[in-house]
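Those sequence lines, one after another, are chains A and B.
According to our numbering, the first sequence is numbered sequentially starting from 36.
According to our numbering, the second sequence is numbered sequentially starting from 36.
By construction, the Cβ of each residue, glycine as well, lies at the ideal position given by its N, Cα and C atoms.
Predicted model, so just to flag it, every value in this text is computed and none were measured.
Take a look at the structure below.
There are 2 protein chains.
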Amino acid sequence: MLDIRPVAYVIGLLVTALGACMVLPMLVDLAEGRGEWHVFLTSGIITMLTGGLVALACSNGIGEGLTLQQTFLLTTGVWVALPLFGALPFMFGATQASFTDAFFEAMSGLTTTGSTVFAGLDELPKGLLIWRGLLQWLGGIGIIVVAMVFLPELKVGGMQIFRSEAFDTMGKILPRATQISASISSIYISLTVVCGICYIFTGMNAFDATVHAMTTVSTGGFSNYDASFGMFSGPAEYVAAIFMILAALPFVRYVQMLNGTENALLHDSQVRAFIATIAVLVAVTAITLLWIFPHHPEQAAREALFNISSIISGTGYASVDYMQWGNFLIALFFFIGLIGGCAGSTACSVKIFRYQLLFASIRVQLRRIRSPRGVFVPRYDGRPVGPDVLSSVMSFFTFFVVSLGVFAVVLGLLGHDFITAVSGAATALGNIGPGLGDRIGPAGNFAGLGDAAKWVLAFAMLVGRLEVLAVYALFTVRFWRG
Amino acid sequence: MLDIRPVAYVIGLLVTALGACMVLPMLVDLAEGRGEWHVFLTSGIITMLTGGLVALACSNGIGEGLTLQQTFLLTTGVWVALPLFGALPFMFGATQASFTDAFFEAMSGLTTTGSTVFAGLDELPKGLLIWRGLLQWLGGIGIIVVAMVFLPELKVGGMQIFRSEAFDTMGKILPRATQISASISSIYISLTVVCGICYIFTGMNAFDATVHAMTTVSTGGFSNYDASFGMFSGPAEYVAAIFMILAALPFVRYVQMLNGTENALLHDSQVRAFIATIAVLVAVTAITLLWIFPHHPEQAAREALFNISSIISGTGYASVDYMQWGNFLIALFFFIGLIGGCAGSTACSVKIFRYQLLFASIRVQLRRIRSPRGVFVPRYDGRPVGPDVLSSVMSFFTFFVVSLGVFAVVLGLLGHDFITAVSGAATALGNIGPGLGDRIGPAGNFAGLGDAAKWVLAFAMLVGRLEVLAVYALFTVRFWRG
Ligand SMILES: [K+]
Ligand SMILES: [K+]
Chain A
36 MLDIRPVAYV IGLLVTALGA CMVLPMLVDL AEGRGEWHVF LTSGIITMLT GGLVALACSN
96 GIGEGLTLQQ TFLLTTGVWV ALPLFGALPF MFGATQASFT DAFFEAMSGL TTTGSTVFAG
156 LDELPKGLLI WRGLLQWLGG IGIIVVAMVF LPELKVGGMQ IFRSEAFDTM GKILPRATQI
216 SASISSIYIS LTVVCGICYI FTGMNAFDAT VHAMTTVSTG GFSNYDASFG MFSGPAEYVA
276 AIFMILAALP FVRYVQMLNG TENALLHDSQ VRAFIATIAV LVAVTAITLL WIFPHHPEQA
336 AREALFNISS IISGTGYASV DYMQWGNFLI ALFFFIGLIG GCAGSTACSV KIFRYQLLFA
396 SIRVQLRRIR SPRGVFVPRY DGRPVGPDVL SSVMSFFTFF VVSLGVFAVV LGLLGHDFIT
456 AVSGAATALG NIGPGLGDRI GPAGNFAGLG DAAKWVLAFA MLVGRLEVLA VYALFTVRFW
516 RG
Chain B
36 MLDIRPVAYV IGLLVTALGA CMVLPMLVDL AEGRGEWHVF LTSGIITMLT GGLVALACSN
96 GIGEGLTLQQ TFLLTTGVWV ALPLFGALPF MFGATQASFT DAFFEAMSGL TTTGSTVFAG
156 LDELPKGLLI WRGLLQWLGG IGIIVVAMVF LPELKVGGMQ IFRSEAFDTM GKILPRATQI
216 SASISSIYIS LTVVCGICYI FTGMNAFDAT VHAMTTVSTG GFSNYDASFG MFSGPAEYVA
276 AIFMILAALP FVRYVQMLNG TENALLHDSQ VRAFIATIAV LVAVTAITLL WIFPHHPEQA
336 AREALFNISS IISGTGYASV DYMQWGNFLI ALFFFIGLIG GCAGSTACSV KIFRYQLLFA
396 SIRVQLRRIR SPRGVFVPRY DGRPVGPDVL SSVMSFFTFF VVSLGVFAVV LGLLGHDFIT
456 AVSGAATALG NIGPGLGDRI GPAGNFAGLG DAAKWVLAFA MLVGRLEVLA VYALFTVRFW
516 RG
C-alpha cells in the first residue's frame, strides 16, 4: 500500500509556507490603503490553518525519506495543492474571480506560464499584483529545486544525465539536498535583487521593478499592465532580455562560478548551444524587423532581442502585438517557443539539451552510414550517453508532441479555431504565456475562453512544468497497484 | 571516392522504364481523339533516350551490389530523377504548366502526396489524367519495394526492425529481393484491379474507375475532378474507404496469407493498432457529424469512415469541404494526418509502428518507477527491441517534427498565414495531400502558392516519402567525404 502520509505532510508544510507568504501582499495592501489587506489576512489564515492541520495530522507518518512512488506523488501534489490555495486571494479580492479563473491564474503563476485571465491589471490593488509576481517567483525557485533534486531521481525526460553531475559536483561543495537548495536560492534572490535595481535605473518605480524582477527571474512573464512591457519600451527591454537569458541558464553553474570555477557557464554545452541559438534568431528577427521599421535600426535590434529572449526563455512578456509583424515572425515565434531554455533553470518547454541529445543520436546514426560495422556512442558535453537517457528523452519528446496534439484537439472540440487551439496548447504545455491569434495572442488574454478550456490549459501547464511523464505516471494503473 | 556510375545506371534504367510507361497515356489520348497523343510521344522519346543514354554511359561501372552510400544516393536520386521526367507531359500538354508547376505535380504524384496545382481537372485530356494516376501508382509500388528492400538496410527511421522479419519470413518462401518485389507487385496489381471493378459496380465509368483505383491503392489521392470524391458520394465512398485501409496495411502480410498463414494480417500488432485507431476515430467523427447532419445517420457514418480512412492512410481524397465541419474536426484531421498507416505499405507520415515503439519505451519507463532496480526491455510484437531501433525511431520522430517546424517557418517567410504554413508543411511532409484553410484546404488547391513555396513543398514531399533521414544524410559533409 502506498503510504500517502509523508507526502501529505510535506505538502501541508508547503501550503502553510504559502499562507505565510501572504503577509507580503497584505502589507502592500495596508500601505496602499485601499482597504484590501483583509483579503490576504483571510486567505492566509485559511491557507495556514489547512496546511498546518494536514501536516499535523500526517506527522505520525514521517519515515526516513520517500519512496520513488511517494516522490512522484509529492511532485505533482505540490503543484496541484499550492494553486488551490494560491487562488484564494483572486476569489476574495478585487478580481472577484470564479474558482476556475482563480485556479487558472494561480496555476499559470506557480508553473511560471504567465497566461492571465484578468484584464484591467493597471487598476488592480497592488497586493494582488505582487501576489501574482510572488506566485511566479516561488514557482520558479520551486521548479529549480525539483529539477535539481527530484526529477533526476525520477528519471523523467532524460533529466538523469544531470544527476551524477550535479550531485558529484555539489557533493564536493555541499553534501545535502537542503544545502543545494539554499545555495541555489541565494543565487536566485541575488539575481532578482540585481534585476530589480537595474529596472529602477531604467526609470521603473520601485513597485513595478519588484514585481517585474520577480516575474523576469522566474521566466514567468506576469506584468502589472495589460500592455505588458509595452509600458516600458527602451532601456528596460534590454535589462529584461539580459535577465530572462540569465534566468534560463543552469543555476548550478552559477554556484560553481561562485566557488571558483570561473568558466563553469561557458563550459556547459547547453549554455553554448542556447546562446548561439539566441544569437542566430536575434539576427534573423532584427533583419526582418528592419523591413518593418526601416528607419529605426535600434528599435529593430531591441525588439528582436527582447522578443526572442522572451519567447525562447518561455517568459512571454510582450512589448508589441507581434501578430502584426507578418507571417514569418508569427510562425517563427511559435516554433521558437518549443525550443526552451536550459535544464536546471526556471525555463520550460522542450529545453535545448534534449535537442542536443536528439541531434547527437542522429549524428551517430549518420556516422554508421559510413562505417556500418563501427561502434559509436552519442555524446553529450563530451561524455557518452546511455540508452536509458536517450529513451527518456525520446519519451519526453513524443509525449510532449502527442500531448500538444491531444490538447489542441480538445480545444478544437471546445469550439476554438485552429490557431487558438494549437497555439493555446503549445503555450500552456511549454509554460510560455501568450498564444497566437486575436483571442489569446500577445494583445489578448485568456479571459474569454470557456471554463472547460481553462481547466484543460491549467492541466497542460502542470503537465508541461513537471516534464510530462512525472504527471502522466500518476494516471497509470501500474502506479497505484499495491 | 564514391563511384556514382552504378547509381546512375539504375536511375537511367528506371527513367527509361518511366518513358516506356508513357505509351499508356498516349494510347488513351489516341482513343480520345483530341490530338493530344503527341505530348506523350515527345515526352516518352526524350525520357527514354536520356535514361537509356545515361544507363549505357554508366554500364561500365556495374559491380556486384551497391555500397551503403550508393544505396542512399540511389534512393533519393530515383525520387528526384523520375519527377523531372514525369513532369514533361504537364509542360508539353494541355496544362501548359511552368517547370515549377509540372515538377511539383510530378513529385506530388510519385511521392503519392496528391496535392495538385491544376484546377479544371474535369476538362483535361484523359491522357494527362491517367498520367497523374499512373505516377501515383508507380510511386506507390516503388515505395513498398524501397521500404521492404532498401530502408531496412539503411537503418533509417527504425525500419530495420522489419529487416530480419521480412527477410526471414520471405527467406522461406522467396529467396531474393527481385522475387519479393515480384510477389508484392502481383498483390498490388490484384488489389488495383479488384478496386477498379468495385468502383465500376458503384456506377463509375471505366476510365474514372481505372484512375481512381490507381490513386486509391497507392494512397495517392489524385482525382479526375476538382470536386475529388464529391463526384461519387454514396457507395463509391465505402469502396474507397475499404481499399484505402487495405493499401495502408503491410503488403508482406498479404504474401504470407497467400502462402497459407491465414492469420498473418491480424497477428501483426501494427495492423491491430491501426484498425483499432480507425475504429475509435470513425466512431468519434460519426458522433460529431450526427450533430451536423442529425437526420442522416448513414451519411454521418459514411463521411466519417471515408474521411478518417482518407486522412489516416494519407490518401487525401476529399468528399466535402471539411473546413465547414467545425473546429474540432479540423484540429482532429490535422493531427490524424500525423499518425499514418503501416510500414511496408503505400501509406506515409509518422506511421503507427513508431508510435507503438515510442509507447512501448514509455511503458518500460513507467515500469521502472515501481521497480527501480528491475531490468525491462521494450517489446514490439512480442519481441525485444534493441536500443539502435529506438534511437532510429527517435531520430525519425525528432527530425520529422523539427522539419515540420522549419518548413512551416519557411512558408511563413514566403508570406503564408499560420494555418496555411503549418498545414502545408504537414501535408507535404506526411504525403497526405490537402492542407487546411481557404487556400490549400480540401476545397482549394496549390496553384496559388508562389514558385518558392512549391519548391519547398516538393522538397518536403521527398523528405517525408523517404523517411526523412535517407534524404538528409546526403546533405552532410561526412557522407561525401572520401
Ligand atoms: K512564462
Ligand atoms: K496522399
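- Interface annotation, residue 469(A): not in contact with chain B, CB-CB separation never under 8 Å.
- Here the alpha carbons of residue 37(A) and residue 104(A) stand approximately 8 Å from one another.
- Residue-level contact by beta carbon holds for residue 436(A) and chain B, with a gap shorter than 8 Å.
- The alpha helix (DSSP H) runs of length 4 or more contained entirely in the segment 241-268 of chain B are, from start to end of the chain, 241-252.
- The segment 376-392 of chain A makes no contact with the segment 458-477 of chain B, as fewer than three CB pairs between them are under 8 Å.
- Rounded to the nearest whole angstrom, the CA to CA distance from residue 364(A) to residue 49(B) is 43 Å.
- For a Cβ distance threshold of 7 Å, residue set 447 and 453 of chain B lies close to residue 365(A), ordered along the chain.
- Residue pairing of residue 60(A) in beta bridges, as defined by DSSP: absent, with no partner found.
- Distances from the CA of residue 355(A) to each of 106(A), 341(A), 362(A) and 63(A) were compared; the closest alpha carbon is that of 341(A).
- Contact annotation, residue 87(B) with residue 47(B): C-beta distance approximately 7 Å; criterion of less than 8 Å satisfied.
- Contact between the segment 415-433 of chain B and the segment 490-510 of chain B is present: 3 or more CB-CB pairs across the two stretches fall below 8 Å.
- A direct Cα-Cα distance of roughly 15 Å separates residue 399(B) from residue 416(B).
- Taking the Cα positions, residue 358(B) is about 52 Å away from residue 222(A).
- Counting only residues of its own chain and dropping the five nearest sequence neighbours on each side, residue 82(B) has a CB closer than 8 Å to the CB of 50, 51, 53, 54, 57, 120 and 123.
- Shortest gap from the CB of residue 342(B) to any heavy atom of ligand 1: 7 Å or more.
- Beta-bridge partners of residue 44(A) (DSSP): none assigned.
- In the structure shown, the three-state DSSP call for residue 329(B) is coil.
- Contacts between residue 456(B) and chain A, judged by CB atoms closer than 8 Å, involve 362 and 366 in chain order.
- Counting along the chain, residue 89(B) sits inside the alpha helix (DSSP H) bounded by residues 72-93.
- For residue 422(B), the neighbours in chain A by C-beta distance under 8 Å run, in chain order, 422, 425 and 426.
- If you draw a straight line from the Cα of residue 426(A) to the Cα of residue 427(B), it is about 11 Å long.
- Ligand 1 never approaches residue 372(A) closely enough for any of its heavy atoms to be under 7 Å from the residue's Cβ.
- At a cut-off of 8 Å, the C-beta of residue 164(B) has no neighbouring C-beta in chain A.
- Residue 422(B) has no beta-bridge partner at all, per DSSP.
- Judged by DSSP in its simplified three-state form, residue 408(B) adopts coil rather than helix or strand.
- Cβ atoms of residue 106(A) and residue 236(A) stay farther apart than 8 Å, at about 43 Å.
- When only Cα atoms are considered, residue 227(B) and residue 260(B) end up about 20 Å apart.
- In this structure, residue 348(B) lies away from residue 286(B), with their beta-carbon atoms at least 8 Å apart.
- Burial of residue 440(A) is indicated by the presence of at least 16 other C-beta atoms within 10 angstroms of its C-beta.
- Listed by position along the chain, the residues with Cβ atoms less than 6 Å from a non-hydrogen atom of ligand 2 are 147(B), 148(B), 149(B), 254(B), 255(B), 256(B), 349(B), 350(B), 351(B), 466(B), 467(B) and 468(B).
- Using a Cβ distance threshold of 8 Å, residue 141(A) and residue 93(A) do not count as a contacting pair.
- Under the three-state reduction of DSSP output, residue 69(B) falls in the coil class, being neither helix nor strand.
- Apart from the 5 residues on each side of it in sequence, residue 216(B) sits with its Cβ closer than 6 Å to the Cβ of 180 in its chain, given in chain order.
- The segment 147-156 of chain B makes contact with the segment 252-266 of chain B; the number of CB pairs closer than 8 Å reaches 3 or more.
- Residue burial is scored here from C-beta neighbours: residue 172(B) has at least 16 other C-beta atoms within 10 angstroms and is therefore classed as buried.
- Distance from the CA atom of residue 117(A) to the CA atom of residue 145(A), rounded to whole angstroms, is 8 Å.
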